[in-house]
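**Q** First residue of the sequence shown: 11, per the working numbering; consecutive thereafter.
Even for Gly, the Cβ is constructed at its ideal location relative to N, Cα and C.
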Amino acid sequence: MSNNRSHLSSRLLLTLLGMIFLLGGCSTTANLPQGEHLYIGRGKTKIISEEESKEMKKAITMAEEYINVPPNGALFGSPRFRLPVQPGLWVYNSFAQDSSWLGKKVYSMFASEPVLLSSVNPSLRAQLAQNTLKEHGYFQAIVTDSVAFLEKDSLQAKAFYSMTLGVPYHYDSISYLPKWSLPEGRYYDHAKVSAIKEGDQFNLLAIQTDRQQISSYLREHGHYYFSPEALAYEIDTIARSGKAQMRVRLKEGIRNRVLNPWKIGGVTLSVLKDIGEESKDSIAFEGVTLRFNGELPVRKTALSRRVFLKPGAYYSQTSEQNTLQALSRLGAFASTNLSLHPVDTINHILNLHIVANIDKPWDTSIEALFKLKSNGFRGPGLAWSAARRNAFGGGERLSMSLKGSYEWQDLKNIFNSKLGINSYELGMDLSLSAPSILLPGLSENLYPFPTTTDFTLSASMLHRARYFRMVSLGLSATYMFNRWMHHKHTIVPLRLKYNLLSHRTDEFNDILSKNTALGLSFQNQFIPEIAYTYTFDDILEDKGSHHLWMEYSLAEAGNLINLLYTVSGKEYNTTKELLGIPFAQYVKLTGDVHYTYTINSKQTIAARLSAGGIFTYGNSLIAPYSEQFYVGGANSIRAFSVRSIGPGRYVPSSGQYSFIDQVGDFKLEANLEWRFRLLGSLHGALFLDAGNIWLLREDSSRIGGSFAEIRSASDFFNQIALGTGLGIRYDLGLLVIRLDTGFGLHLPYETSRKGYYNIPSFGDALGVHFAIGYPF
Numbered sequence: 011m012s013n014n015r016s017h018l019s020s021r022l023l024l025t026l027l028g029m030i031f032l033l034g035g036c037s038t039t040a041n042l043p044q045g046e047h048l049y050i051g052r053g054k055t056k057i058i059s060e061e062e063s064k065e066m067k068k069a070i071t072m073a074e075e076y077i078n079v080p081p082n083g084a085l086f087g088s089p090r091f092r093l094p095v096q097p098g099l100w101v102y103n104s105f106a107q108d109s110s111w112l113g114k115k116v117y118s119m120f121a122s123e124p125v126l127l128s129s130v131n132p133s134l135r136a137q138l139a140q141n142t143l144k145e146h147g148y149f150q151a152i153v154t155d156s157v158a159f160l161e162k163d164s165l166q167a168k169a170f171y172s173m174t175l176g177v178p179y180h181y182d183s184i185s186y187l188p189k190w191s192l193p194e195g196r197y198y199d200h201a202k203v204s205a206i207k208e209g210d211q212f213n214l215l216a217i218q219t220d221r222q223q224i225s226s227y228l229r230e231h232g233h234y235y236f237s238p239e240a241l242a243y244e245i246d247t248i249a250r251s252g253k254a255q256m257r258v259r260l261k262e263g264i265r266n267r268v269l270n271p272w273k274i275g276g277v278t279l280s281v282l283k284d285i286g287e288e289s290k291d292s293i294a295f296e297g298v299t300l301r302f303n304g305e306l307p308v309r310k311t312a313l314s315r316r317v318f319l320k321p322g323a324y325y326s327q328t329s330e331q332n333t334l335q336a337l338s339r340l341g342a343f344a345s346t347n348l349s350l351h352p353v354d355t356i357n358h359i360l361n362l363h364i365v366a367n368i369d370k371p372w373d374t375s376i377e378a379l380f381k382l383k384s385n386g387f388r389g390p391g392l393a394w395s396a397a398r399r400n401a402f403g404g405g406e407r408l409s410m411s412l413k414g415s416y417e418w419q420d421l422k423n424i425f426n427s428k429l430g431i432n433s434y435e436l437g438m439d440l441s442l443s444a445p446s447i448l449l450p451g452l453s454e455n456l457y458p459f460p461t462t463t464d465f466t467l468s469a470s471m472l473h474r475a476r477y478f479r480m481v482s483l484g485l486s487a488t489y490m491f492n493r494w495m496h497h498k499h500t501i502v503p504l505r506l507k508y509n510l511l512s513h514r515t516d517e518f519n520d521i522l523s524k525n526t527a528l529g530l531s532f533q534n535q536f537i538p539e540i541a542y543t544y545t546f547d548d549i550l551e552d553k554g555s556h557h558l559w560m561e562y563s564l565a566e567a568g569n570l571i572n573l574l575y576t577v578s579g580k581e582y583n584t585t586k587e588l589l590g591i592p593f594a595q596y597v598k599l600t601g602d603v604h605y606t607y608t609i610n611s612k613q614t615i616a617a618r619l620s621a622g623g624i625f626t627y628g629n630s631l632i633a634p635y636s637e638q639f640y641v642g643g644a645n646s647i648r649a650f651s652v653r654s655i656g657p658g659r660y661v662p663s664s665g666q667y668s669f670i671d672q673v674g675d676f677k678l679e680a681n682l683e684w685r686f687r688l689l690g691s692l693h694g695a696l697f698l699d700a701g702n703i704w705l706l707r708e709d710s711s712r713i714g715g716s717f718a719e720i721r722s723a724s725d726f727f728n729q730i731a732l733g734t735g736l737g738i739r740y741d742l743g744l745l746v747i748r749l750d751t752g753f754g755l756h757l758p759y760e761t762s763r764k765g766y767y768n769i770p771s772f773g774d775a776l777g778v779h780f781a782i783g784y785p786f
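1. Indicate the three-state DSSP secondary structure (helix, strand or coil) for ILE769 in the structure shown.
2. Look at the alpha carbon of VAL203 and the alpha carbon of LYS253, and state the distance between them as a whole number of angstroms.
3. Note down, in chain order, each residue of its chain lying with its Cβ closer than 6 Å to the Cβ of SER771, except the 5 sequence neighbours on either side.
4. Tell me the rounded alpha-carbon separation between GLY9 and PRO538.
5. Name the two residues that bound the continuous alpha helix (DSSP H) containing LEU313.
6. Just the Cα atoms here: how many angstroms apart are ASP220 and GLY341?
7. In the DSSP assignment, the alpha helix (DSSP H) including LEU112 goes from what residue to what residue?
8. Report the CB separation of LYS320 from GLY304 in whole angstroms; it is logged as a contact under 8 Å.
9. Whole angstroms are fine: how far does the CA of ALA731 sit from the CA of THR761?
10. Assuming LEU165 and THR39 make a contact with CB atoms under 8 Å, what is their CB distance in whole Å?
11. Is ILE615 helix, strand or coil when you go by DSSP?
12. Please go through the same chain and pick out, in chain order, the residues whose beta-carbon is closer than 8 Å to the beta-carbon of LYS114, but skip the five residues on each side of it.
13. So if DSSP puts SER156 in a beta bridge, which residue, or which two residues, is it bridged to?
14. Can you check DSSP and say which residues form a bridge with ARG748?
15. Taking 8 Å as the threshold, find out whether the region 438-452 comes into contact with the region 461-468 through three or more Cβ pairs.
16. Decide yes or no for the touch test of the region 589-601 against the region 622-633: beta carbon pairs closer than 8 Å, at least 3 of them.
17. Provide the residue span of the beta strand (DSSP E) that contains TYR243, from first to last.
18. Between PHE697 and the rest of its own chain, which residues show a CB-CB distance below 6 Å, the 5 nearest in sequence each way excluded?
19. Roughly how many whole angstroms lie between the Cα atoms of ILE184 and ARG257?
20. CB SER468 to CB GLU435, shorter than 8 Å?
21. So what's ASP220 in DSSP terms, helix, strand or just coil?
22. Comparing alpha-carbon positions, which option in SER646, HIS756, PRO592, MET66 lies nearest LEU175?
23. Using beta-carbon positions only, say whether PRO657 and ARG721 come within less than 8 Å of one another.
24. Let's test the definition: count the other Cβ atoms within 10 Å of the Cβ of GLU581 and tell me whether it reaches 16, buried, or not, exposed.
25. Buried or exposed, going by whether 16 or more other CB atoms sit within 10 Å of the CB of SER191?
26. What's the C-alpha gap between ARG90 and PHE676?
27. With DSSP run on the structure shown, which of helix, strand or coil describes HIS200?
28. Going by beta-carbon coordinates alone, are TYR544 and HIS499 separated by less than 8 Å?
29. Have a look at GLU60, MET72, ALA84 and flag the residue whose alpha-carbon is nearest the alpha-carbon of SER611.
30. So, under 8 Å CB-CB, LEU99 and SER122 are touching, yes? Tell me the CB distance rounded to an integer number of Å.
31. Of the residues ARG388, GLN211, TYR186, which one's Cα is nearest the Cα of ASP199?
32. What is the DSSP secondary structure of PHE236, reduced to helix, strand or coil?
33. Look up TYR416 in the DSSP assignment and say whether it is helix, strand or coil.
34. Give me, in chain order, the residues of the same chain whose beta-carbon lies closer than 7 Å to that of VAL661; leave out the 5 immediate sequence neighbours on both sides.
35. Taking the alpha-carbon positions, what's the HIS496 to HIS557 distance?
36. Kindly indicate which three-state DSSP category THR355 falls into: helix, strand or coil?
Below is the structure:
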């Protein structure tokens, strides 16, 4: 059987190589339009410069963006290197003139339109690159272009560019805006706060940034009508070579309203149930006139305290933004619009009018699914949820969800309810979410940044065929706030979990009897937890091609309760109970870092580094099973199934239940993915996954699974499981359907195969995963 499989693999490999050879020899220019040439990339840019500096490197990088045009089959989006085989171009040339149904279908699915030299237009791109160099202070820069045609095929052309930078210009003198008087005796000193200083190299982007900063500062202090277009920057480069004189001034003919600060007069907030309806009722509260029809659907306090522009105060750009964001975050409105109108041009008074349209009160959803697992279990699942918006008049969201699933192995026993035949799961969640901090003395406070309070009550029952039935109850309180745009803090002062193993089969008891640690992790347990999570996400900031996301969590369980018991006289390491149930005691730390680099509109590099550890002590030496770590599966090391790796170099038994043992106290994992578009909404991915889990204490039933048993640095790296693979993703807009096929390269324990690639057989090296969404 093994010889047949190897023979088949060899034939497939030879066939694939033959196809690549044939495609490589096919013409890629046979059906080009008359007089056109196929663009095959550009050569290395020739740089001529008298000096080298950070500014020069940045200017060249920016200029090269205009000449970096990827050819067909570009390697990682490179404008200079491309793949040796061009199947898309081959299909284009072979089927462009094919009028048959099959030919048209093949063409529409696989053909790649050729990138033509005329569409690239090297001369125009050289001019744009030259303008970019001048914008960075190289006023004498010259960029030239040339085209070379291949000898073996004159219809293929490569572009070449040469950049002569010349002398960079630096500021010799700067005349800033005069000091600007602001309300309440303040003033704006442009010379002091400007980032542009004498000696700096000229940079157009720095000037644009300076204009925007001036405008934002003045608008923050009452100047509602001020804009960057009111400012003029005059540059003189004639006096001395390499030196520039700059003068900043107001443009001629600026209207008087731009130069003066404006105050807020009347403030009106109209709460409408239907767009365009007339409001007949009104009430004045805390300086805000509230207009509505019938009964005000939102508490007046919740509304007025979300309006940060108050009568008599000077206009503030930040207050305007905070008002819109606070009303939107209330969760009661489908849309919110804000407008300011001048009512007194002599005293410079603005009236503020806000229109908020009430959203529909109920939000319901239902989801149906069908699971097909590798262990032969299959069955349907159903989830239903309903939420009441603005439940108590303050933007609160009261929601309830129900879920259930049923799985079987034998079609003859679909409806057999006997323990040990089929599996099922039932669950219910009841939650209350409020757009404020619900604590005594803070509930009515409003902060100019997002705040959320969530209270959740949950209950579930899990029945695993031939194993056990577990009942779980949960209660949690969560407070979240974003003090700054990219930084989110989540505090969980209370999270209670209660796990009760209400039934165990003899088969499951036999499994637990052979593994003491596993038995302890599955015992009835009470988990009183406190947690803090910090999340950083710069996706809202214009970082160009780079996106960074980080999340770190710290949780502890049982320490306060154990301390109280210790103070009352009980020994610290003695197992204690709360409400007749042993409680867990641990400290858990996790961290995840995601980085994404966008090469171009069709290609992205994504990376993830994940680590975590849980340390148990005092009242328990084994962490609850639900809190332990594992690797493998659709969102982890995709060459291996869930919980099939680790801990350490532990070799699992050949039994079908061995995966239960494969959890640990420490996790380290890294993932790297190259994502690229294939055609239309169909995308592909090439990935590399590595990682493992370990125990913090030695376990005689899992030999080789702990940190203490690592013999050397080499042994540590040999315990890192490694896998690669290919994936296909179909982007539906709201969700991504993903099929990943992983290929194992290295197992963390010794096998019958020697060497680094130690997967015993080709079939053992494959892992196929169907999932929804990206893995990270």
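**A** Walking through what the data contain:
1. coil
2. 23 Å
3. none
4. Residue numbering for the chain in the displayed model covers 11 to 786; residue 9 lies beyond these limits and cannot be assessed.
5. 310-314
6. 37 Å
7. 111-120
8. Their Cβ separation, rounded to whole angstroms, is 27 Å, which puts LYS320 and GLY304 out of contact at 8 Å.
9. 13 Å
10. 4 Å
11. strand
12. PHE105, ASP108
13. PHE170
14. ARG739, ALA781
15. yes
16. yes
17. 241-246
18. GLU683, GLY735
19. 6 Å
20. no
21. helix
22. MET66
23. no
24. exposed
25. exposed
26. 44 Å
27. helix
28. yes
29. ALA84
30. 6 Å
31. TYR186
32. coil
33. strand
34. TYR759
35. 12 Å
36. coil
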